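One structure below.
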Amino acid sequence: MKTPVLIRLASLVFALIAFAAIVPARADAPGVRAWLDRDTMHLGETVTLNVEATGDAGGQPDFSALSQDFNLLGTQSSQQVSIVNGASTTKVVWAVGLEPKHAGRIAIPALTVGGAKSSPLSLSVLAQPAGAEGKPGDDVFLEVTAEPLAPYVQQQVRYTVKLYFSFGLTDGNLSEPQADGVVVQRLGQDKSYLATIGERRYHVMERHYALTPEKSGTLNLPALVFRGNTMDAADPTGFFSRPRTISARSDAVELNVKPKPAAWPASEPWLPAQSMLLKDDTELANEIHVGDPVTRTIRMQAQGLGFEQLPELELAAPEGAEIYPDKADTRTRDDGTWLYGERVRKFAFVATKPGSLTIPGVSVKWWDTTHDRMETAELPARTLTVLPAAGAKPAASVPATTDSGAPSSETPAPVATAPSEGAPVPTPSSVHFWQTLAAIGFVLWLVTLALWWRTRGTAPAARAAATPSPQAGSSAQRAVFLKACSLGELAGAERALVAWARSERPDVRNLGELALRLDSAAQTDALVALQRARYAGASKQGVGAELERAFKPGLAWRKPAAPTGQKPALPALYPE
Numbered sequence: 056m057k058t059p060v061l062i063r064l065a066s067l068v069f070a071l072i073a074f075a076a077i078v079p080a081r082a083d084a085p086g087v088r089a090w091l092d093r094d095t096m097h098l099g100e101t102v103t104l105n106v107e108a109t110g111d112a113g114g115q116p117d118f119s120a121l122s123q124d125f126n127l128l129g130t131q132s133s134q135q136v137s138i139v140n141g142a143s144t145t146k147v148v149w150a151v152g153l154e155p156k157h158a159g160r161i162a163i164p165a166l167t168v169g170g171a172k173s174s175p176l177s178l179s180v181l182a183q184p185a186g187a188e189g190k191p192g193d194d195v196f197l198e199v200t201a202e203p204l205a206p207y208v209q210q211q212v213r214y215t216v217k218l219y220f221s222f223g224l225t226d227g228n229l230s231e232p233q234a235d236g237v238v239v240q241r242l243g244q245d246k247s248y249l250a251t252i253g254e255r256r257y258h259v260m261e262r263h264y265a266l267t268p269e270k271s272g273t274l275n276l277p278a279l280v281f282r283g284n285t286m287d288a289a290d291p292t293g294f295f296s297r298p299r300t301i302s303a304r305s306d307a308v309e310l311n312v313k314p315k316p317a318a319w320p321a322s323e324p325w326l327p328a329q330s331m332l333l334k335d336d337t338e339l340a341n342e343i344h345v346g347d348p349v350t351r352t353i354r355m356q357a358q359g360l361g362f363e364q365l366p367e368l369e370l371a372a373p374e375g376a377e378i379y380p381d382k383a384d385t386r387t388r389d390d391g392t393w394l395y396g397e398r399v400r401k402f403a404f405v406a407t408k409p410g411s412l413t414i415p416g417v418s419v420k421w422w423d424t425t426h427d428r429m430e431t432a433e434l435p436a437r438t439l440t441v442l443p444a445a446g447a448k449p450a451a452s453v454p455a456t457t458d459s460g461a462p463s464s465e466t467p468a469p470v471a472t473a474p475s476e477g478a479p480v481p482t483p484s485s486v487h488f489w490q491t492l493a494a495i496g497f498v499l500w501l502v503t504l505a506l507w508w509r510t511r512g513t514a515p516a517a518r519a520a521a522t523p524s525p526q527a528g529s530s531a532q533r534a535v536f537l538k539a540c541s542l543g544e545l546a547g548a549e550r551a552l553v554a555w556a557r558s559e560r561p562d563v564r565n566l567g568e569l570a571l572r573l574d575s576a577a578q579t580d581a582l583v584a585l586q587r588a589r590y591a592g593a594s595k596q597g598v599g600a601e602l603e604r605a606f607k608p609g610l611a612w613r614k615p616a617a618p619t620g621q622k623p624a625l626p627a628l629y630p631e
């Protein structure tokens, strides 16, 4: 019985020995160590503070105490476990990027991790150098160029930045150009390529900006600064090393901004541009009809200016036509080097009478910065021939006819006839008597006709009012109204609609009176939408299309009510 028990005890002891051999022992002595990757630097550069905790320290360091003297740029951490002779050691390393806020000697206090503390450190920060940091041949350097260095106020300055680096970057940050009194706009996408300078091969990152000075005088652009991280060249995989912080600084740039030339007219907007384009994007016919709309599209494009700097395109209404300008389309684009400001505007013209119509031209003064002189971009006027409205028939005279009924080729001349022999010759006094008698008879006939017309009653007059003949200008005003609706020009549509209504009902004076006279729900609803958009601040979206749909068939006039209590035109056939 004792033998199995002994065997079990021996097995248990063997298992404990084997477990102790497999499970390593742990080091119990925690420790914290801190160091800088360099102890001397220039203001504007960055430095890395490393904190290493070994053993069972627990927790992590608090870097908030460093914010008084440094800008904290981010923290990275790594952990390593090693087993030596059965003993395990845990090591945690924190790396934080620091940017000093001032020059001088800065003390870094002791940092606590768990219950252990590091030793305090000291960093010497030198004043920022005046020139660029880095030059061709170094691992990394910056180049900046500005053209021109003596621009006019509000003229574009092309600012180019090139970053050269000879190794792989894990990350980086390049500052933007900025200064008081200048507008900065980044152009296009960054370009990347390879370049050989001397005997070194560089990666190049190129970036472009448009700088627009807003006032004359000396303008100083501070140096640009690049800060980044790169991996150790001896360990390209980066598994067993921490990133190395690098930096570079460019030269500062000084601009001498000139004011507007004294020869520039004070009444004209100042437009310093590389080039100016003024173009008519439409093809106009030489002949049009009264009421036919024609559209002129004018495009203005300036190289080196934004659209905000370009003046508004305006055209005056020519004699014999209504004008309906559309809202201008504006944009600013770039080709990676230059700004291009554009304004495009459409003008609709509707001729109101036949004859000659002159559509005015446009001229814009601008300053040619390439040749340093004033130029004028012009778009000439266009003259069109306006024919009568389509379908209108010119008045024709009635030709004379011969005895057979055929038209005579010439007008017969009056023939004087002599009185026959023995016939009495009328004297002037007798002729005057008969003329007076004929005039009296004609007047009496007119009075009789007026009394007869009055006794007819008002029913025929009401029928005539219900179906009036169209006025001569009705079709032209209708065309003007429909064109204004298609362009979304609500103010012009209102004026044209009232004019159209007055050509058929002269007593209509405004939209309110027109709405009371219409017999179409769609037309009255469209008028309500027009009034809300014009005077109540409602949305204008779709109002022009609604007006065009409702009124395109014509004005639907309400029929007048039948008259009551009217005296009959004839006495009753069978009186009561």
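Numbers 56 to 631, taken from our numbering, label the letters of the sequence shown in order.
Here a beta-carbon is modelled for each residue, glycine too, at the ideal position from N, C-alpha and C.
Fair warning: this is a prediction, and the values are worked out from it, not measured in the lab.
Residue from Ala318, Arg93, Ser173 and Tyr214 with nearest C-alpha to glycine 391: Per the Cα distances, Tyr214.
Alanine 278 beta carbon less than 7 Å from that of serine 305: yes
Secondary structure of lysine 146, DSSP reduced to three states: strand
Outcome for arginine 351 when other beta-carbon atoms lying within 10 angstroms are tallied against a minimum of 16: Burial call: buried.
Short Cβ contact (7 Å threshold) for arginine 399 with aspartate 384: Note that residue 399 is valine in the sequence shown, not arginine. Their beta carbons are under 7 Å apart, which means valine 399 touches aspartate 384 by this criterion.
Glutamate 198, enclosing alpha helix (DSSP H) - first and last residue: Looking at the DSSP string, glutamate 198 is not in any alpha helix (DSSP H); the run it does join, the beta strand (DSSP E), is 195–202.
For valine 308, the nearest candidate out of Leu121, Asn275, Arg299 and Asp574 (CA to CA): Asn275
Check whether phenylalanine 402 and proline 435 have beta carbons under 7 Å apart: no
Presumed contact (8 Å Cβ cut-off) between proline 443 and proline 409, rounded CB distance: With 8 Å as the limit, proline 443 and proline 409 qualify as a contact, their Cβ atoms being about 5 Å apart.
Glutamine 209 versus valine 417 - alpha carbon distance: 24 Å
Touching by the beta-carbon criterion (3+ pairs, under 8 Å), the segment 189–202 and the segment 215–229: yes
Among Glu154, Ala340, Lys538 and Ala205, the one whose alpha carbon lies nearest that of glycine 129: Distances from the alpha-carbon of glycine 129 to those of Glu154, Ala340, Lys538 and Ala205 put Glu154 closest.
Bounding residues of the beta strand (DSSP E) (the contiguous stretch that carries valine 212): 212–220
Classification of phenylalanine 552 by the beta-carbon crowding that lies within 10 angstroms, buried from 16 upward: Residue 552 is actually leucine in this sequence, not phenylalanine. Buried: at least 16 other Cβ atoms inside 10 Å.
Delimiting residues of the beta strand (DSSP E) encompassing threonine 385: 384–389
Limits of the unbroken alpha helix (DSSP H) element including phenylalanine 536: From DSSP, the alpha helix (DSSP H) with phenylalanine 536 extends over 529–542.
Close beta carbons around serine 133, own chain, < 6 Å, minus the five adjacent residues each side: Val148
Delimiting residues of the beta strand (DSSP E) encompassing threonine 95: 95–97
The beta strand (DSSP E) enclosing arginine 428, as first and last residue numbers: Counting along the chain, the beta strand (DSSP E) containing arginine 428 begins and ends at 428–434.
Under 7 Å between C-beta atoms of glycine 375 and leucine 326: no
Minimum C-alpha distance to leucine 30 - residue among Val168, Ala162, Gly169 and Glu323: There is simply no residue 30 to check, as the chain begins at 56 and stops at 631 in what is shown.
Local Cβ density within 10 Å of serine 302, reported as buried at 16 or more and exposed below that: Serine 302 is buried by the Cβ-count criterion.
Local conformation of arginine 613 per DSSP, three classes: coil
Of the listed residues Pro615, Thr337, Asp235 and Glu544, nearest to lysine 595 (C-alpha basis): Glu544
Three-state secondary structure (DSSP) of serine 247: strand
Beta carbon of leucine 360 nearer than 7 Å to that of glycine 396: yes
7 Å CB neighbourhood of glutamate 603 in its chain, flanking five on each side removed: When the five nearest sequence neighbours on each side are left out, the beta carbons in the same chain lying within less than 7 Å of the beta carbon of glutamate 603 are those of Leu537, Cys540 and Ser541, in order along the chain.
With 16 other Cβ atoms within 10 Å as the buried cut-off, status of serine 558: buried
Range of the contiguous beta strand (DSSP E) that encloses glutamate 653: With the chain represented from 56 up to 631, any question about residue 653 goes unanswered, as that position is not in the structure.
Burial state of tryptophan 612, where buried means 16 or more other Cβ atoms lie within 10 Å: buried
In DSSP terms, what asparagine 311 is bridged to: In the DSSP output, where bridge partners are listed per residue, asparagine 311 has Thr273.
Coil, strand or helix - glutamate 703 by DSSP: Nothing can be reported for residue 703, as the shown portion of the chain is limited to 56 through 631.
Selection from Val419, Gln364 and Leu249 that minimises the alpha carbon distance to leucine 370: Looking at the Cα atoms, Val419 is the closest of the given residues.
Close-in-space but distant-in-sequence residues of the same chain around alanine 136 (CB under 8 Å, 5 per side omitted): Checking the displayed sequence, the identity of residue 136 turns out to be valine instead of alanine. Contacts found: Ser143, Thr144, Thr145 and Lys146.
Aspartate 245 vs arginine 256 beta-carbon contact at 7 Å: no
Residues bridged to asparagine 140 (per DSSP): Asparagine 140 is not bridged to any residue.
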